[in-house]
Amino acid sequence: MSEVIVVTSGKGGVGKTTSSASIACGFARRGKKVAVVDFDIGLRNLDLIMGCERRVVYDFVNVINNDCSLKQAMIKDKRFDNLSVLAASQTRDKDALTQEGVERVLNEMRESFDIIICDSPAGIERGAHLAMYYADRAVVVVNPEVSSVRDSDRVLGLLSSKTDRAEKGTGSIREHLLLTRYSPERVATGDMLSVGDVEEILGLTVIGVIPESQSVLAASNAGVPVILDEASIAGQAYDDAVARMCGDELPMRFIDMAKKGLFKRIFGS
Amino acid sequence: MVGIFDFFKSRPQKSAQTAKERLLIIVAQQRGERGTPDYIPRLKKELLEVIRKYVNVDPGAVQVNVQKEGEQELLELSVVLPDKEDD
């Protein structure tokens, strides 16, 4: 049984593409056949984060317009042969994605992949709407920050009303919160919303907490999804999140500040 | 100078706490509006225009609510007319 998973957020810059790339690699590493699709038409970026930008020949809109076959457009990952990327088109025509086209392509993908990750653009316009429309599951990426939390609540509302499952009444989409750019130090000083705060405000538990980490920028610089950086705590946190999405029960790591000893507390660090 | 007395002074609320309180309110409000039909704002505007042909009412005088009662959806409309003396 194949599953379509949308990675969405409403707000931009919270880590959708970084998360899509890492989640895709996480499932691939567990032996699943994975496709990851960039829905951000006009602003292609997933290819860069995945490190396959120089191998893009055909894109999502080419497949929709039947300029090529799906197989020709899917870029095989160099690290996992069970992982493929479908790049977004760089066209400025915002109507290039059609609902029928998206449905046809996703259905064709369902025949040859176990997991199809849809990397949504920011906002709640056409691209974001189509990225979530045919999803079975949703990962809502949220930062511990007021505008991101509010926007993710808007997106949760759309997931429960403006999707194929909601409109046909064929069961609700499984929703996961993924909290990114988390800083336990700032939470401890009362300057940042905590995991518990975000869960209470949105009424959902988190599937993972990704700590703020230098390695995320280093990973995108290199075109290697951060989950593949075994030394990175952000990478390890992504792997935990994917494990939980597969049904494993794991305690949350990296959400507490490293405790200072009594000596340090008295004499400072 | 940081003295022992500063410890007992009431400290200003931490910003994360303020953020949480603000978000709890705005999210509750957003969820209240969820599920109401998209045409409600337009309906409200047009109703206000029609009513204003006859009485001069405030823009805030027209309230339109959609309520669910079991299987039925109820469109509730209330218009506050101005006091007679104001005419």
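Going down the list, the sequences are from chains A and B.
Residues are numbered in this note's numbering as their position in the first sequence, beginning at 1, plus a constant of 203.
Residues are numbered in this note's numbering as their position in the second sequence, beginning at 1, plus a constant of 24.
Using N, Cα and C, we set each Cβ at its ideal position, and we do this for glycine too.
| Query | Result |
| --- | --- |
| Would you check if there are 3 or more beta carbon pairs closer than 8 angstroms linking the segment 282 to 290 of chain A to the segment 227 to 238 of chain A? | yes |
| Does any CB atom of chain B fall closer than 8 angstroms to the CB of Ile404/A? | yes |
| Which residue marks the beginning of the alpha helix (DSSP H) containing Ala299/A, and which one marks its end? | Note, Ala299/A: premise wrong, no alpha helix (DSSP H); not H, not E. |
| Flag Arg329/A as yes when its Cβ comes closer than 7 angstroms to any non-hydrogen atom of the ligand COA, and as no otherwise. | With respect to the ligand COA, the structure offers nothing, as it holds no ligand at all. |
| How many angstroms separate the CA atom of Val217/A from the CA atom of Leu407/A? | 18 angstroms |
| So which residues on chain A does Ala114/B lean against when the C-beta distance must stay under 7 angstroms? | Nothing about residue 114/B can be read from this structure; chain B reaches only from 25 to 111. |
| Among the candidates Arg313/A, Val343/A, Ile267/A, Asn248/A, whose CA atom is the shortest distance from the CA of Gly482/A? | With chain A represented from 204 up to 472, any question about residue 482/A goes unanswered, as that position is not in the structure. |
| Which residue comes first and which comes last in the beta strand (DSSP E) that contains Lys92/B? | 86 to 93 |
| Which residues in chain B have a C-beta closer than 8 angstroms to the C-beta of Arg357/A? List them in chain order. | Gln54 |
| Output the distance between the C-alpha atoms of Leu249/A and Asp442/A, rounded to the nearest integer angstrom. | 19 angstroms |
| Can you give the Cα-Cα distance for Glu97/B and Gly254/A, rounded to whole angstroms? | 52 angstroms |
| DSSP three-state label for Pro65/B, please. | helix |
| Using beta carbons (cut-off 8 angstroms, strictly below), is Asp400/A in contact with chain B? | yes |
| Using a Cβ-Cβ cut-off of less than 8 angstroms, list which residues of the segment 255 to 271 of chain A approach chain B; keep chain order. | none |
| Just list the alpha helix (DSSP H) runs in the segment 396 to 445 of chain A, keeping only unbroken ones of 4 residues or longer that don't cross its boundaries, in chain order. | 398 to 405, 417 to 425 |
| Span of the beta strand (DSSP E) holding Val342/A? | 340 to 345 |
| To the nearest angstrom, report how far apart Asn80/B and Ser351/A are at their CA atoms. | 41 angstroms |
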